[in-house]
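Residue numbers (the working numbering): 14 to 165.
Note that beta-carbon positions come from the ideal geometry of N, C-alpha and C, so glycine has one too.
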């Protein structure tokens with residue numbers, strides 16, 4: 014899986030599929046770590062950056078609902094932090110974990126509601142189509158009856 018594909022998962026390199034290897038975030042032969050500012054990690058060789066991602070970032074990740082929320086040390090917050098898919102940032106891992114779990118539940122419920130509404134629309138379309146076909150059949154039968162009367 015390429016770096017671009019991982020970023021497309023949730024739009025951020027710090028939220029990746031749970032099955033993804035953190036080292037795949039390294040998009041060039043000379044680093045740097047895509048989750049750390051240069052103040053936190055200055056190594057430039059890709060092998061050291063990959064080892065750093067598999068060690069530090071994997072160890073400090075939050076896994077839930079098929080996603081890994083990796084710890085971020087970029088300048089988007091004053092200290093190491095976690096991002097949620099909803100855009101909320103947390104400095105403490107436990108608070109981030111609690112929020113991510115509840116946020117994912119809300120996301121799942123929203124997806125379920127969208128699915129239910131889509132199924133209802135499909136059923137309405139089918140009912141409308143059946144009524145339309147039935148109306149056409151009745152019109153055809155009436156048309157045949159009228160024509161039959163003219164020729165008798």
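Opening and closing residue of the beta strand (DSSP E) in which residue i lies
{"i": "residue 80", "result": "80-82"}
Per DSSP, the bridge partner or partners of residue i
{"i": "residue 30", "result": "80"}
{"i": "residue 102", "result": "96"}
{"i": "residue 86", "result": "49"}
{"i": "residue 75", "result": "82"}
Sequence-distant residues of its chain with Cβ nearer than 6 Å to residue i (five each side left out)
{"i": "residue 116", "result": "97, 99"}
{"i": "residue 88", "result": "50"}
{"i": "residue 79", "result": "31"}
{"i": "residue 23", "result": "Residue placement at residue 23 is poorly supported in this model, since its pLDDT is 40, which falls under 50; the coordinates still yield a value, given next. Correct list, in chain order: 98."}
{"i": "residue 73", "result": "84"}
{"i": "residue 35", "result": "66, 67, 70, 71"}
{"i": "residue 63", "result": "36, 39"}
Closest Cα partner of residue i within the set the options
{"i": "residue 65", "options": "146, 46, 30, 75", "result": "46"}
{"i": "residue 83", "options": "95, 109, 150", "result": "95"}
{"i": "residue 81", "options": "91, 59, 109", "result": "109"}
Distance between beta carbons of residue j and residue i, contact taken as under 8 Å
{"i": "residue 86", "j": "residue 50", "result": "6 Å"}
{"i": "residue 102", "j": "residue 93", "result": "Going by Cβ atoms, the distance from residue 102 to residue 93 rounds to 11 Å, so no, they are not a contact pair."}
{"i": "residue 106", "j": "residue 75", "result": "7 Å"}
Contact set for residue i: own chain, Cβ-Cβ below 7 Å, skip 5 residues either direction
{"i": "residue 19", "result": "Confidence at residue 19 is low in this model, with a pLDDT of 40, below 50, so the placement of that residue should be treated as unreliable; the coordinate-derived value is given next. Correct list, in chain order: 26, 29, 33, 37, 38."}
{"i": "residue 77", "result": "113, 114, 117"}
Own chain residues within Cβ distance below 8 Å of residue i, not counting five before or after
{"i": "residue 141", "result": "none"}
{"i": "residue 167", "result": "What the structure shows of the chain is the stretch from 14 to 165, and residue 167 is not part of that stretch, so it cannot be assessed."}
Terminal residues of the alpha helix (DSSP H) in which residue i lies
{"i": "residue 64", "result": "59-65"}
Any non-hydrogen atom of the ligand COA closer than 8 Å to residue i Cβ
{"i": "residue 86", "result": "The model on display carries no ligand, and the ligand COA is accordingly not part of it."}
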